[in-house]
Amino acid sequence: MKWYIITTCLLTFYGFLKEFRPTEPYLYDYQLNVQNISDSDLNNKIYPWWTYSYMIFLVPVFFFVDVLLYKVVLIFESICYIGTWLLIIFGKSIESQILMQVIYGGASATEIAYFAYIYSYFDERYYRKLTIASRVSINLGKCVSYFFAQFIIQHNPFGYNILNYTSLGSLILALIFVIFLPNIDWKRLRDNIEKHNKDIYIESYKDYVIYKIKSTWKLIKQLLQNQSIYVWSLWWILATCGNFQIGNYIQPLWASAKDYSTSENNYNGLVEAICPLLFDTIFQLLSQSS
Numbered sequence: 024m025k026w027y028i029i030t031t032c033l034l035t036f037y038g039f040l041k042e043f044r045p046t047e048p049y050l051y052d053y054q055l056n057v058q059n060i061s062d063s064d065l066n067n068k069i070y071p072w073w074t075y076s077y078m079i080f081l082v083p084v085f086f087f088v089d090v091l092l093y094k095v096v097l098i099f100e101s102i103c104y105i106g107t108w109l110l111i112i113f114g115k116s117i118e119s120q121i122l123m124q125v126i127y128g129g130a131s132a133t134e135i136a137y138f139a140y141i142y143s144y145f146d147e148r149y150y151r152k153l154t155i156a157s158r159v160s161i162n163l164g165k166c167v168s169y170f171f172a173q174f175i176i177q178h179n180p181f182g183y184n185i186l187n188y189t190s191l192g193s194l195i196l197a198l199i200f201v202i203f204l205p206n207i208d209w210k211r212l213r214d215n216i217e218k219h220n221k222d223i224y225i226e227s228y229k230d231y232v233i234y235k236i237k238s239t240w241k242l243i244k245q246l247l248q249n250q251s252i253y254v255w256s257l258w259w260i261l262a263t264c265g266n267f268q269i270g271n272y273i274q275p276l277w278a279s280a281k282d283y284s285t286s287e288n289n290y291n292g293l294v295e296a297i298c299p300l301l302f303d304t305i306f307q308l309l310s311q312s313s
């Protein structure tokens, strides 16, 4: 039980730290005013890469997150986020910012491993509480970081480096937390599979890998034959891409109403902080009512 409590704390702190990225509400402002990348290049050459790379990375993540036993994917997520912010801070060219968007897409696609780790490591009776705790930690990380960003920019209209290095420091701490997470033994997952499928016998890790790949492929084929699931999947893809595109291009829209010589009308952090705050409130209310 002691290790369960420690692991829960590590996971919630990791969820908070990996989302504590105060740069995000002011990324466009930083790239436009500090990196001196034009609005046209940002909108046409750089930002579209996040959506496309995210969708491409989803495929291998979906296939191999179980095979790699989750923790490796979480470490990959942290490294991608760190790489993203290193490129934001030190990259000056258009090419470096395109690479940043690609790596950021890889990090975004691996979020599934965070919840998969929870449901694989903990007993089923803890799922509800852990889902609430993990969702709260993620949205709290976003909310606090965006309020922090608003505070910094309100007092220093060009305090982007403070936001960048704070984000990088938080992501490095997140990597440290995830390294200390306990590994998930494939034998434990095998026992769970065999408990629900009496006809399946998995003797080695190789057998486990083969089984997971085959079962995943079989599941995909079954889902594609289900018209309702197929239509839902298409709508999910369109909605996700649309959400990412709005997230990318909302900041250039806000920029048209700003005066960059002062902190007036520069409320990106405040607006973006309200979104996870509202989501967290609604999520808590729904969780208590169910």
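Position 287 of the sequence shown, counted from 1, bears residue number 310 in my numbering, the numbering being contiguous throughout.
The beta-carbon is built from N, C-alpha and C at its ideal position, and this holds for glycine as well.
So, under 8 Å CB-CB, Leu194 and Trp108 are touching, yes? Tell me the CB distance rounded to an integer number of Å. Residue mapping note: residue 194 aligns to position 171 of the sequence shown, counting from 1. Residue mapping note: residue 108 aligns to position 85 of the sequence shown, counting from 1. About 6 Å separates the two Cβ atoms, so the contact holds.
Segments of 4+ residues assigned as alpha helix (DSSP H) that fall wholly inside the region 172-230: If we require 4 residues or more, the alpha helix (DSSP H) runs fully inside the region 172-230 come out as 183-202 and 209-219.
Measure from the alpha carbon of Ser160 to the alpha carbon of each residue in Phe36, Ala296, Asn179 and Leu293, then state which is nearest. Taking the sequence shown and counting its residues from 1, one reaches residue 160 at position 137. Looking at the Cα atoms, Phe36 is the closest of the given residues.
Got a sec, what are the start and stop residues for the alpha helix (DSSP H) Lys41 sits in? In the sequence shown, counting from the first residue as 1, residue 41 sits at position 18. From DSSP, the alpha helix (DSSP H) with Lys41 extends over Lys25 to Glu42.
Option nearest Ser131 by Cα separation, candidates Phe99, Lys25 and Thr239: Counting from 1 along the sequence shown, the entry for residue 131 is found at position 108. It is Phe99 whose Cα lies nearest to the Cα of Ser131.
Under the assumption that Gly164 contacts Leu40 (Cβ atoms under 8 Å), give the Cβ distance between them as a whole number of angstroms. Here residue 164 refers to the residue found at position 141 when the sequence shown is read from its first residue. Here residue 40 refers to the residue found at position 17 when the sequence shown is read from its first residue. Between Leu40 and Gly164 the Cβ distance is about 7 Å, and since that is below 8 Å, they are a contact.
According to DSSP, is Ala280 part of a helix, a strand, or is it coil? Start at 1 with the first residue of the sequence shown, and residue 280 comes out as number 257. Three-state result, Ala280: coil.
Ordered along the chain, which non-local residues of its own chain (more than five positions away) have a Cβ less than 8 Å from that of Pro275? As a first step, residue 275 must be located in the sequence shown, where it is residue number 252. Taken in chain order, the residues that qualify are Tyr51, Asp62, Leu65 and Asn66.
If Tyr70 and Asn271 are in contact, beta carbons under 8 Å, what's the gap, nearest whole angstrom? By 1-based counting over the sequence shown, the position of residue 70 is 47. By 1-based counting over the sequence shown, the position of residue 271 is 248. Yes, Tyr70 and Asn271 are in contact; Cβ-Cβ is about 4 Å, under 8 Å.
N-terminal and C-terminal residue of the alpha helix (DSSP H) that Pro71 is part of: For this step, residue 71 is matched to residue 48 along the sequence shown. That run of the alpha helix (DSSP H) goes Pro71 to Phe87.
Around the C-beta of Lys229, are 16 or more other C-beta atoms found within 10 angstroms, so that it is buried, or is it exposed? The residue labelled residue 229 in the question sits at position 206 within the sequence shown. Its Cβ having fewer than 16 others within 10 Å, Lys229 is exposed.
Leaving out five residues on either side along the sequence, give the residues of the same chain with a beta carbon under 7 Å from the beta carbon of Tyr169. Position 146 of the sequence shown, counted from the first residue, corresponds to residue 169. Pro45, Pro48, Gly292, Glu295 and Ala296.
Helix, strand or coil at Val254 [DSSP, three-state]: Here residue 254 refers to the residue found at position 231 of the sequence shown. Helix, per DSSP.
Under 9 Å between the Cβ atoms of Gly128 and Ile60? Walking along the sequence shown from the start, residue 128 turns up at place 105. Walking along the sequence shown from the start, residue 60 turns up at place 37. No, the Cβ-Cβ distance between Gly128 and Ile60 is not below 9 Å.
Under three-state DSSP, which class holds Gln245? Within the sequence shown, numbered from 1, the residue matching residue 245 stands at position 222. Reduced to three states, the DSSP call for Gln245 is helix.
Are Ser157 and Tyr137 close, meaning C-beta to C-beta below 9 Å? Translated into positions along the sequence shown, residue 157 becomes position 134. Translated into positions along the sequence shown, residue 137 becomes position 114. Going by C-beta atoms, Ser157 is nearer than 9 Å to Tyr137.
Assuming Arg211 and Ile225 make a contact with CB atoms under 8 Å, what is their CB distance in whole Å? Here residue 211 refers to the residue found at position 188 of the sequence shown. Here residue 225 refers to the residue found at position 202 of the sequence shown. Incorrect: roughly 12 Å between the Cβ atoms, too far for contact.
Near Tyr231, which residues of its chain fall below 6 Å by C-beta distance, leaving aside the five closest residues on each side in sequence? As a working mapping, residue 231 is identified with position 208 in the sequence shown. The beta carbon of Tyr231 sits closer than 6 Å to the beta carbons of Trp209, Arg213 and Ile225 from its chain, once the five residues preceding and following it are set aside; these are given in chain order.
For Cys13, count neighbouring C-beta atoms within 10 Å of its own C-beta (all shown protein chains included) and say buried if the count is 16 or more, exposed if not. This structure leaves residue 13 out entirely; the chain is present only between 24 and 313.
Start-to-end residues for the alpha helix (DSSP H) that takes in Ile102: Numbered from its first residue, the sequence shown carries residue 102 at position 79. Per DSSP, Ile102 belongs to the alpha helix (DSSP H) from Lys94 to Phe113.
Enumerate in chain order the residues of its own chain whose CB-to-CB distance from Tyr142 is below 7 Å, with the five nearest sequence positions on each side excluded. As a working mapping, residue 142 is identified with position 119 in the sequence shown. Result list for Tyr142: Tyr150, in chain order.
Please state if the CB of Leu204 and the CB of Tyr104 are separated by a distance shorter than 9 Å. Position 81 of the sequence shown, counting from 1, holds the residue named residue 104. Position 181 of the sequence shown, counting from 1, holds the residue named residue 204. For Tyr104 and Leu204, no; Cβs fall outside 9 Å.
For Val125, the first and last residue of its enclosing alpha helix (DSSP H): Counted from its first residue, the sequence shown places residue 125 at position 102. Going by DSSP, Val125 is part of the alpha helix (DSSP H) stretching over Ile117 to Ala132.
Distance between Phe87 and Ser256 (C-alpha atoms, nearest Å): Indexing the sequence shown from 1 puts residue 256 at position 233. Indexing the sequence shown from 1 puts residue 87 at position 64. If I take the Cα positions, the gap works out to 20 Å.
Taking only the alpha-carbon atoms, compute the straight-line gap between Tyr53 and Leu242 and give it to the nearest angstrom. Taking the first residue of the sequence shown as 1, we reach residue 53 at position 30. Taking the first residue of the sequence shown as 1, we reach residue 242 at position 219. Cα to Cα, Tyr53 sits roughly 44 Å from Leu242.
For Asn67, the three-state DSSP class (helix, strand or coil): Translated into positions along the sequence shown, residue 67 becomes position 44. Helix at Asn67.
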